[in-house]
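S.K.:
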Amino acid sequence: MSKRPLTTAAQNPLINAEKQESASSNGSNTMVNNTPDTSTVATNNEDWSVQDSADLYSIDQWGVGYFSIADNGEVHVNNPTSANRSTDTTTLNNTSVSLVDIVQGMKERGLEMPAILRIENLLDQRIKELNEAFLRAITAAEYQGNYRGVFPIKVNQQCHVIEEIADFGRRFNHGLEAGSKAELIIALSQLRNHESPNQDSLIVCNGYKDSEFIDLGLYANQMGISCFFVLETPAELPIILERSRALNIKPLIGVRIKSSVVVDGHWNEDSGDRSIFGLSTNSLLEVVEQLKTANMLDCLQLLHCHLGSQIPNIRNIRNGVLEACRFYSELINEGAPMGYLDLGGGLAVDYEGASSNSTHSMNYKLDEYCANIVETIIESLDPLDIAHPTIVTESGRATVAYSSLLLFNILDVRNHEPQALPATLADDAHELLHNLFAVLGNTTNKNFQECYNDAIYYRDEIRELFRRGQVNLHERALGDNITLAILEKISHILKTIERIPPELEKLPELLSDIYYGNFSLFQSLPDIWAIDQVFPVMPIHRLNEQPDREAIIADITCDCDGKIDRFISPDGIRNTLPLHKLNKNEEYYVGVFLVGAYQETLGDLHNLFGDTNVVSVRLNGDGSFDFVREFHGDSISDVLSYVEYEPKQMLEQFRRKAEQAVKEQKITVAQRQEILKAFKESLQGYTYFEREQVN
Ligand SMILES: *Cc1c(COP(=O)(O)O)cnc(C)c1O
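In UniProt numbering, the protein residues as written are 1 to 695.
#1: Would you identify the three-state DSSP class for Y57, choosing helix, strand or coil?
#2: Is T399 near ligand 1, going by C-beta to nearest heavy atom under 8 angstroms?
#3: Determine the extent of the beta strand (DSSP E) in which S226 is found, giving its start and end residues.
#4: Given this structure, state the Cα-to-Cα distance separating K563 from H492, to the nearest angstrom.
#5: Nearest CA to the CA of D611: which residue from L117, V261, V50?
#6: So which of L521, E509, L432, D571 has the shortest CA-CA distance to F480?
#7: On a CA-only basis, which of G623, D555, S189 is nearest A178? Give me that one, please.
#8: Please report the straight-line C-alpha distance between K677 and K657, rounded to a whole angstrom.
#9: I'd like to confirm the pairing. Which residues does DSSP put opposite R499 in its beta bridges?
#10: With a threshold of 8 angstroms (Cβ to nearest heavy atom), would E177 be considered close to ligand 1?
#11: So, with DSSP's three-state summary, where would you put S635?
#12: Mark N121 as exposed unless 16 or more other C-beta atoms lie within 10 angstroms of its C-beta, in which case mark it buried.
#13: With DSSP run on the structure shown, which of helix, strand or coil describes I119?
#14: Check the DSSP bridge columns for D215 and list the partner residues they point to.
#15: If you reduce the DSSP assignment to three classes, tell me which class M31 lands in.
#16: In the DSSP output, what is D555 paired with across the bridge?
#17: From the DSSP secondary-structure annotation, give me the bridge partner or partners of M362.
#18: Considering only the alpha carbon of each residue, which of L640, G469, L577, F277 lies closest to Y686?
#19: Name the DSSP bridge partner or partners of Y66?
#20: Residues in the same chain with beta-carbon distance under 6 angstroms from R629, minus the five sequence neighbours each way, listed in chain order, please.
#21: Output the boundary residues of the beta strand (DSSP E) element that contains residue 707.
#22: Could you give the uninterrupted runs of the alpha helix (DSSP H) lying entirely in the stretch 606-678, keeping only those of 4 residues or more?
#23: If you drop the 5 nearest sequence neighbours on each side, which residues of the same chain put their C-beta closer than 6 angstroms to that of residue 716?
#24: For I253, collect the residues of the same chain with a Cβ closer than 6 angstroms to its Cβ; drop the 5 residues on either side in sequence, then sort them by chain order.
#25: To the nearest angstrom, report how far apart I675 and L487 are at their CA atoms.
#26: To the nearest angstrom, report how far apart L510 and M362 are at their CA atoms.
#27: Using a threshold of 8 angstroms, is the CB atom of A597 nearer than that to any non-hydrogen atom of ligand 1?
#28: Pop quiz: residue 708 and Y340 are said to be a contact at Cβ under 8 angstroms. What is the actual Cβ separation, rounded to whole angstroms?
#29: Assign M106 to one of three DSSP states: helix, strand, or coil.
#30: Is the beta carbon of H306 within less than 8 angstroms of some heavy atom of ligand 1?
#31: Starting from the Cα of E352, find the closest Cα among I667, D60, F654 and give me that residue.
#32: Are the beta-carbon atoms of residue 696 and H430 separated by less than 9 angstroms?
#33: Name the DSSP bridge partner or partners of Y147?
#34: From this set, L191, H76, Y369, which residue's C-alpha is nearest N173's C-alpha?
#35: Can you tell me the Cβ-Cβ gap for residue 697 and S395, rounded? I've got them flagged as a contact below 8 angstroms.
Written out as structure tokens, the structure is:
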């Protein structure tokens with residue numbers, strides 16, 4: 001792997017003495033660590049329990065019982081559903097499967113890291129929990145309407161995910177939401193409405209709709225599937241009316257309102273007056289008039305309101321529902337029959353496990369979300385004697401986030417530990433080096449700020465002299481090294497200090513290790529790059545050992561943005577992640593959890609790292625598991641053809657080069673064959689780092 005320093009290192013004003021560590025499965029590179037361990041925490045595995053690891057990584061909080069750590073230090077996924085899929089009754093049992101066992105099984109099947117692991121049971125479980133929570137709230141409040149969930153396809157369009165939702169969701173009449181023609185085609189083909197007589201899963205169509213889109217939806221209605229067109233703009237209505245007349249099929253129409261509730265969190269631009277979606281109040285009245293004129297007001301049956309995704313604050317949700325109910329009742333006053341209240345997505349995922357109203361968390365539980373919605377509707381509509389509508393929600397994130405995780409191995413570690421320093425400096429060493437060395441000896445918890453300033457001053461002086469040719473490379477390296485030793489020492493002192501000077505706050509982070517992960521952030525975790533999303537990240541094994549390194553994680557794209565440097569912790573977001581030292585000849589596996597929502601199709605081919613391998617696993621009631629599906633990720637030839645190369649032609653061009661080299665006697669014919677074979681094999685290979693197989 002060739003790499004240039006990432007900005008984390010390059011921009012780092014303090015660092016430039018670096019040392020490479022490497023662990024690899026074939027043992028060709030051995031770990032170099034001949035300096036005494038000056039690292040952060042004293043390791044005492046005797047005193048370290050897996051519970052300490054659980055607390056450190058908050059797994060019990062964000063894992064909500066789906067993930068836990070076993071006594072042998074491996075992360076397990078717990079089986080929340082019973083093995084028997086044909087019954088609705090699922091019981092909680094204690095069977096769980098080690099992620100390490102799954103990784104091992106993948107390896108045996110030729111599915112190398114990085115890989116996305118999908119746990120079917122968790123997807124089923126989320127659908128079940130969502131539907132049952134609404135059912136509980138409805139029963140408790142004696143609500144007269146039903147609940148009908150729809151899954152918004154855009155959140156994870158992968159065929160297997162949608163098939164599983166359609167299949168398992170059938171028993172709850174869970175439907176699909178489509179935002180484009182392609183998604184409507186997915187919904188029409190995947191929903192299993194024809195398989196049982198009382199099936200009435202919905203299809204809700206948002207987004208801009210042309211006549212082709214509308215025809216498809218109308219045909220669905222004709223076939224008995226409830227397919228709603230939600231109007232985003234008044235311009236859509238004439239097309240719907242025209243196609244409806246032409247095909248002689250009545251449409252089901254919904255209107256999307258712009259809520260004036262501005263929500264907390266990242267997605268607040270979906271809400272409020274400035275939202276680019278939804279009808280203004282004037283447009284809404286215009287739509288009602290047009291429907292009246294066309295004598296089709298009876299088609300207006302649904303009100304749609306989507307406040308945004310990942311709404312961390314329950315108060316926003318309540319206010320959104322309240323306002324939606326006002327619109328709902330006004331439309332009834334206008335004479336529309338209505339019957340469906342669609343509250344969109346927004347149900348959050350507690351990525352941080354903090355139960356707070358911060359962006360990546362949520363200050364409510366699922367039951368509370370459902371109860372709030374049901375009760376708010378009752379409070380708003382009962383006084384007006386309006387019948388309780390069917391509640392529709394379009395939860396995407398909360399449905400799929402838990403079921404996927406990204407797994408990758410660590411290829412390499414770069415740390416900033418200073419090289420061993422001599423006990424004393426030679427008398428004729430440069431004066432500035434002597435000064436620096438003295439600072440190292442003098443640094444205490446009383447004068448560390450002053451020592452920090454001095455160290456940086458002397459170091460910069462040495463660098464200046466280097467530029468002018470008055471200090472040689474050895475002297476400069478020694479200067480950098482002594483500076484690092486001083487900074488390490490100060491970093492240790494900071495741990496014992498209550499108030500850290502602002503200038504030094506970032507010091508531990510700047511001294512942290514860089515763990516190079518075998519994945520592309522842009523392909524597999526785009527939201528980290530795009531919207532500063534945080535996901536739970538942790539090693540999936542060795543959790544019975546105390547992690548004694550602090551690290552950031554860099555991917556293999558060599559892009560300065562290809563890094564993870566914001567992590568969840570019990571004390572809020574922090575910039576480094578505790579990790580273990582690599583063991584020689586042993587892979588170190590890291591998991592990024594809760595990545596089932598939005599990550600897969602938003603990913604891109606940055607640096608031509610393609611789709612990763614994907615496996616779907618189903619956990620059985622007896623503690624075993626099945627590989628239900630496996631998809632091999634893109635080969636190099638695949639990604640090249642995405643950017644319009646023709647791999648066959650490339651091979652031919654390369655062959656000509658090789659033939660020319662034979663002619664010029666640079667290589668032999670036998671060597672030509674070897675070279676062409678390597679080229680061909682590379683074309684077929686995985687785009688990620690492949691370990692040499694040990695035979
Ligand atoms: C994106 C989107 C959703 C899904 O939102 P989540 O917060 O992921 O549940 C639902 N409805 C609409 C209209 C959307 O655009």
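All C-beta atoms, glycine included, are put in the ideal place defined by N, C-alpha and C.
M.R.: Considering the structure as presented:
#1: Counted from its first residue, the sequence shown places residue 57 at position 57. Here Y57 sits in helix by DSSP.
#2: For this step, residue 399 is matched to residue 399 along the sequence shown. Checking the Cβ of T399 against ligand 1 gives yes.
#3: Position 226 of the sequence shown holds residue 226. Start and end: 226-231.
#4: The sequence position of residue 563 within the sequence shown is 563, counting from 1. The sequence position of residue 492 within the sequence shown is 492, counting from 1. Straight-line Cα distance between these residues: approximately 25 angstroms.
#5: Taking the first residue of the sequence shown as position 1, residue 611 is located at position 611. Ranking the options by Cα distance to D611, first place goes to L117.
#6: Here the question's residue 480 lines up with position 480 in the sequence shown. Here residue 480 turns out to be Asp, not Phe, going by the sequence shown. Nearest option by C-alpha distance: L432.
#7: For this step, residue 178 is matched to residue 178 along the sequence shown. The residue with the shortest Cα to Cα distance from A178 is S189.
#8: To locate residue 677, count along the sequence shown from 1; it is residue 677. To locate residue 657, count along the sequence shown from 1; it is residue 657. Their backbone Cα atoms lie some 14 angstroms apart in a straight line.
#9: Position 499 of the sequence shown, counted from the start, is the residue given in the question as residue 499. DSSP lists no partner for R499.
#10: Your numbering for residue 177 matches position 177 in the sequence shown. E177: yes, Cβ under 8 angstroms from ligand 1.
#11: Here residue 635 corresponds to residue number 635 of the sequence shown, with the count starting at 1. If DSSP states are grouped into helix, strand and coil, S635 belongs with the strands.
#12: Numbered from 1 along the sequence shown, position 121 holds the residue referred to as residue 121. It counts as buried.
#13: In the sequence shown, residue 119 corresponds to position 119, counting from 1. Of the three classes helix, strand and coil, the one that applies to I119 here is strand, per DSSP.
#14: Reading the sequence shown from its first residue, position 215 is the one you call residue 215. Per DSSP, none; premise fails for D215.
#15: Start at 1 with the first residue of the sequence shown, and residue 31 comes out as number 31. Confidence at M31 is low in this model, with a pLDDT of 35, below 50, so the placement of that residue is unreliable and no value is reported for it.
#16: In the sequence shown, residue 555 corresponds to position 555, counting from 1. Beta-bridge pairing links D555 to no other residue.
#17: As a position in the sequence shown, residue 362 is number 362, starting the count at 1. Per DSSP, none; premise fails for M362.
#18: If you number the sequence shown from 1, residue 686 lands on position 686. Of the listed residues, the one whose Cα sits closest to Y686 is L640.
#19: Start at 1 with the first residue of the sequence shown, and residue 66 comes out as number 66. In the DSSP output, where bridge partners are listed per residue, Y66 has none listed.
#20: In the sequence shown, residue 629 corresponds to position 629, counting from 1. Contacts found: H160, S616.
#21: Summary: the structure shown does not reach residue 707, with the chain confined to residues 1 through 695, and so no result is reported for it.
#22: 636-642, 647-663
#23: This structure cannot settle anything about residue 716, because the visible part of the chain is limited to 1 through 695.
#24: The count along the sequence shown starts at 1 and reaches residue 253 at position 253. Taken in chain order, the residues that qualify are F229, C299, L300.
#25: On the sequence shown, position 675 is the one that residue 675 refers to. On the sequence shown, position 487 is the one that residue 487 refers to. Whole-angstrom Cα-Cα distance: 49 angstroms.
#26: Position 510 of the sequence shown holds residue 510. Position 362 of the sequence shown holds residue 362. One C-alpha to the other measures close to 31 angstroms.
#27: Position 597 of the sequence shown, counted from the start, is the residue given in the question as residue 597. Yes; taking the cut-off as 8 angstroms, the Cβ of A597 has a heavy atom of ligand 1 nearer than that.
#28: The question about residue 708 has no answer here: the residues shown for the chain are numbered 1 through 695.
#29: Position 106 of the sequence shown, counting from 1, holds the residue named residue 106. Helix.
#30: Mapped onto the sequence shown, residue 306 falls at position 306. Correct: H306 has its Cβ closer than 8 angstroms to ligand 1.
#31: Within the sequence shown, the letter at position 352 stands for residue 352. Checked all of I667, D60, F654; the closest Cα to E352 is D60.
#32: Residue coverage of the chain in this structure runs from 1 to 695, which leaves residue 696 outside it and unanswerable.
#33: For the purposes of this step, residue 147 is identified with residue 147 of the sequence shown, where counting begins at 1. Its beta-bridge partners are I391.
#34: By one-based count along the sequence shown, residue 173 stands at place 173. Per the Cα distances, L191.
#35: The structure shown has nothing for residue 697, since the chain only spans 1 to 695.
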